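A.B. asks:
Numbering (the numbering used here), first residue to last: 3 to 325.
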């Protein structure tokens, strides 16, 4: 029987009480172990940090990846339990860094596994159903990273949370559909990467219908203390109105050490350069998002930031297939 490593990171899945609060992992994991179907050989582990997923950052996910890579001498199949708030970010980051080096399914829940006392399974909950979906698939899927939710399994890089509370909260490309934009080689995480990741500064702007002059002024303000990356969420397929003032402001921002990336604020679909914006984006020294969605864009930026050291290198390698 193939062994499965289950790593618990926290989230609603392991909460108890009223109001909800995380059950300590040393209490929760033994209870979870007794509820697991006996036909699976599952060993439970605690992640380095257990926290509400809204507080998770790159450091937490890189530590998780490091833990998985350290366990790979014994396990090739992993199930991750994670909070839903940043579940798509965690999934995309795992997909970018682990590639097809092992089999990983990440999941979570909208309701806790246990009742408020923490002694019995909660009568109405999606937690065990989502975990069972992960267990059902983990020994049969191709190597790679996937997200299981509401009896669906998605390619992790493509998954996005589209509903705050519904059981059918996530959308993505189904696991049995082919996707091409995947990392082919795993990235080995070392302690120096953990340290550098804590310095990454990303600013995300969802564009609003304001005058171009005001947009240019806002961009210029960033030059005083620029982030490493500025994500500009345009309209539709990535459309953004510009003029000489906006282009000049973006050029100044690049010169100050910030890489600008144009994407779309629409949840589903891709950026599309059929409209006449390609030339001005080149003039403005702005990059185009070619990732599966906002979470995958975050993971791509993180990986490039850890691999390279200068803005010129980030830009040079942005279009490398499969950063």
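C-beta atoms are modelled at their ideal positions from N, C-alpha and C, and glycine is treated no differently. This one's a predicted model, so the numbers in the text were calculated from it and none came from an experiment.
Contact defined as beta carbons within less than 8 Å: I believe residue 264 pairs with residue 234. What is the distance between those atoms, to the nearest angstrom?
C.D. replies: 5 Å
A.B. asks: The alpha helix (DSSP H) spanning residue 182 covers which residue range?
C.D. replies: For residue 182, there is no enclosing alpha helix (DSSP H), since its DSSP letter is neither H nor E.
A.B. asks: Report all residues from its chain with a CB closer than 6 Å to the CB of residue 52; omit the five preceding and five following residues, and keep chain order.
C.D. replies: 12 and 27
A.B. asks: Based on Cα-Cα distance, which residue from 184, 128, 136 and 218 lies nearest to residue 6?
C.D. replies: 136
A.B. asks: Given a cut-off of 8 Å on the beta-carbon distance, is the pair residue 152 and residue 170 in contact?
C.D. replies: Going by C-beta atoms, residue 152 is nearer than 8 Å to residue 170.
A.B. asks: Relative to the alpha-carbon of residue 286, which residue among 261, 302 and 34 has its alpha-carbon at the smallest distance?
C.D. replies: 261
A.B. asks: Taking contact to mean 3 or more Cβ pairs, one atom from each stretch, closer than 8 Å, check whether the region 181-196 and the region 115-131 are in contact.
C.D. replies: Short answer: they don't touch.
A.B. asks: Less than 8 Å between the beta carbons of residue 266 and residue 273, yes or no?
C.D. replies: yes
A.B. asks: Just checking my contact of residue 42 with residue 10 at CB under 8 Å: how many whole Å lie between their CB atoms?
C.D. replies: At roughly 16 Å, the Cβ-Cβ gap does not stay under 8 Å, so residue 42 and residue 10 are not in contact.
A.B. asks: Leaving out the 5 sequence neighbours to the left and right, which residues in its chain are closer than 6 Å to residue 102 when beta-carbon positions are compared?
C.D. replies: Correct list, in chain order: 145 and 146.
A.B. asks: Count the CB pairs spanning the region 290-299 and the region 154-167 that are closer than 8 Å, and state whether there are at least three.
C.D. replies: yes
A.B. asks: State whether the region 192-199 contacts the region 122-132, with contact taken as three or more CB pairs (one from each stretch) at a distance under 8 Å.
C.D. replies: no
A.B. asks: Once the 5 residues before and after residue 141 are set aside, which same chain residues still bring their CB inside 7 Å of it?
C.D. replies: 4 and 79
A.B. asks: If the criterion is Cβ atoms closer than 8 Å, does the pair residue 301 and residue 94 meet it?
C.D. replies: yes
A.B. asks: Assuming residue 247 is part of the alpha helix (DSSP H), what are its boundary residues?
C.D. replies: Counting along the chain, the alpha helix (DSSP H) containing residue 247 begins and ends at 246-257.
A.B. asks: Whose C-beta lies closer than 8 Å to the C-beta of residue 60 among residues of the same chain, with five residues either side of it excluded?
C.D. replies: Closer than 8 Å at Cβ, skipping near neighbours: 95, 199, 200, 202 and 304.
A.B. asks: If you reduce the DSSP assignment to three classes, tell me which class residue 147 lands in.
C.D. replies: strand
A.B. asks: Between the C-alpha atoms of residue 325 and residue 310, what's the straight-line distance to the nearest angstrom?
C.D. replies: Below a pLDDT of 50, predicted positions are generally treated as unreliable, and residue 325, at 48, falls in that range; no measurement from the model is reported.
A.B. asks: Going by DSSP, what residues sit across from residue 48 in a beta bridge?
C.D. replies: 10
A.B. asks: So what does DSSP say about residue 2, is it helix, strand or coil?
C.D. replies: The structure shown does not extend to residue 2, since the chain is modelled only from 3 to 325, so the question has no answer here.
A.B. asks: Report the rounded CA-to-CA distance for residue 68 versus residue 33, giving the unit in angstroms.
C.D. replies: The straight-line gap from Cα to Cα measures roughly 26 Å.
A.B. asks: Between residue 86 and the rest of its own chain, which residues show a CB-CB distance below 6 Å, the 5 nearest in sequence each way excluded?
C.D. replies: 110
A.B. asks: Count the other C-beta atoms from every protein chain shown that fall within 10 angstroms of the C-beta of residue 126, then say buried if there are 16 or more, exposed otherwise.
C.D. replies: exposed
A.B. asks: Quick check on DSSP: helix, strand or coil for residue 191?
C.D. replies: coil
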